[in-house]
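Colleague: Numbering follows this note's numbering, with no gaps: position 27 of the sequence shown is 1316. Think of the CB as a built atom: it goes at the ideal place given N, C-alpha and C, for glycine as much as any other residue.
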Amino acid sequence: MPTPNFHVRDLPIYGDTILSPMAAYSDVPFRAICRQFGAAMNYTEFVPTEALLCKPNPLWRRLDVHPAGEQPMVFQIFGNDAHTILRAAQRIVDWGADIIDINMGCSAPQISKKGAGVGMMRQPKLVAETFRLLSRHLNVPVTGKLRLGWDEANQNYLEIAKIMADNGAALVALHGRTRSQKYRGQADWDAIAKLKQAVNVPVLGNGDVRTVADIDRLKAYTHCDGVMIGRAALGNPWLLGRIEREQLTFGEITAVLRQHLYEALTYYGTTVGLQNMNRHLKKYLSGLALKPFLRGFRNVETVPAFEDLLCEMETAVPSHLPIAKLRKIPHFPLPVGAKL
Ligand SMILES: Cc1cc2nc3c(=O)[nH]c(=O)nc-3n(C[C@H](O)[C@H](O)[C@H](O)COP(=O)(O)O)c2cc1C
């Protein structure tokens, strides 16, 4: 029997790499690919509580779960009123949530300035009431994802995390930036280390993990229980399995790309599936001299046309070629007579 890396209340978590929730990216198809490489738990994209309390609408889809199962599955929601958050959580808990997570990190002004997302961090009483209510009334663990605080002068993540833990939170995830930093500057790993010392629930460290070495460095530096990976996992699900993209061959990349395409087509259907895939394709091929192909993919409207272009690209680029080497090649197709 494998040993769990940590528990979220009574839920065992096997593994220590976790795909960050990312609106427009961490959907059912991409999560399926990341899970295959070892992502230990899956977060949905965040959903506003108001959207969950009215009639069915497209945001509900964000809480879909892959038919093959994704346990443990974390549903992430955000709001600015404890009772509304509770009602929304009660409504969705039977839709397949193993854990309910409260987003307290979103920095978008239309959310944070209304007191939701990172705006919750300015309201310790709201945080206490939300976690007290949810942990009392839900039968699944409740967790939260934070930033350092509102701005450099107001970094209250330790105070908020303690309030969360004292009121029943089963895990705290910390993105080591303030709201005012958005995604700029460097994530503060010292803060993640301090948080781990300060609370007796599992801590996920998040921010600026780009390589396999970063995963291990963040763990060793902070003693966090798990590492949450966001932007660097886009087009690079291998990172969740501690596989460096640079070591892969082009053929290994396109094999996963194709698998992702079929997950997207199955889930979204052709039109939306192809649009969705284009977003990811840019990431899978980023840094490679394949701009003409990328332009071509933007214009395809049918699956056979997409497949044809994929085959054309695979013919132009030798599949055994390691990515590190491919980076140094100025463009494809190669000029006649060029040697690799
Ligand atoms: C496109 C995008 C969408 C995001 N959406 C969410 C979200 O829905 N919920 C959330 O908690 N964080 C969201 N985030 C923040 C990430 O989860 C993560 O905290 C942040 O990107 C820092 O991690 P990284 O340096 O590994 O990217 C989003 C980030 C990006 C880039």
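Quick one: give me the first and last residue of the alpha helix (DSSP H) that A1328 is part of.
Modeller: For A1328, no alpha helix (DSSP H) run applies, since DSSP gives it neither H nor E.
Colleague: In angstroms with no decimal places, state the Cα-to-Cα distance between Y1446 and L1484.
Modeller: 8 Å
Colleague: Less than 8 Å separating the Cβ of D1353 from some heavy atom of ligand 1?
Modeller: no
Colleague: Considering only the beta carbon of each residue, do V1363 and A1340 sit closer than 9 Å?
Modeller: no
Colleague: Please tell me whether, using a cut-off of 8 Å, the distance from the CB of C1323 to the nearest non-hydrogen atom of ligand 1 is below it.
Modeller: No, since every heavy atom of ligand 1 falls outside the 8 Å radius drawn around the Cβ of C1323.
Colleague: Exposed or buried, what is Y1551 when buried is set at 16 or more other beta-carbons lying within 10 Å of its beta-carbon?
Modeller: exposed
Colleague: For N1392, which of helix, strand or coil comes out of DSSP?
Modeller: In the three-state DSSP reduction, N1392 falls in the strand class (E or B).
Colleague: Would you tell me roughly how many angstroms separate the C-alpha atoms of G1394 and E1603, rounded to the nearest one?
Modeller: Distance between the alpha carbons of G1394 and E1603 is about 40 Å.
Colleague: Is the distance from the Cβ of L1523 to the Cβ of H1569 below 9 Å?
Modeller: yes
Colleague: For M1330 versus I1388, is the C-beta spacing smaller than 9 Å?
Modeller: yes
Colleague: Cα separation between G1519 and N1495?
Modeller: 8 Å
Colleague: When you compare only the Cα positions, how much space is there between I1381 and N1443?
Modeller: 33 Å
Colleague: If you compare alpha carbons, which of R1425, W1439, D1440, I1449 is closest to G1433?
Modeller: I1449
Colleague: A1594 by DSSP, collapsed to three states: which one?
Modeller: helix
Colleague: I want to know whether the region 1353-1370 touches the region 1585-1596 - three or more CB-CB distances under 8 Å.
Modeller: They do not touch, by the three-pair rule.
Colleague: Compare the C-alpha of A1521 against each of T1500, Q1412, I1532, A1378 and name the closest.
Modeller: T1500
Colleague: Assign F1335 to one of three DSSP states: helix, strand, or coil.
Modeller: coil
Colleague: Does ligand 1 have a heavy atom nearer than 8 Å to the CB of L1311?
Modeller: Strictly speaking, residue 1311 in this sequence is Met, with Leu absent from that position. Yes - ligand 1 has a heavy atom lying nearer than 8 Å to the Cβ of M1311.
Colleague: DSSP has T1432 in a bridge; who is on the other side?
Modeller: DSSP lists D1390 as partners of T1432.
Colleague: Can you give the beta carbon distance from H1549 to F1319, rounded, assuming they're within the 8 Å contact cut?
Modeller: 7 Å
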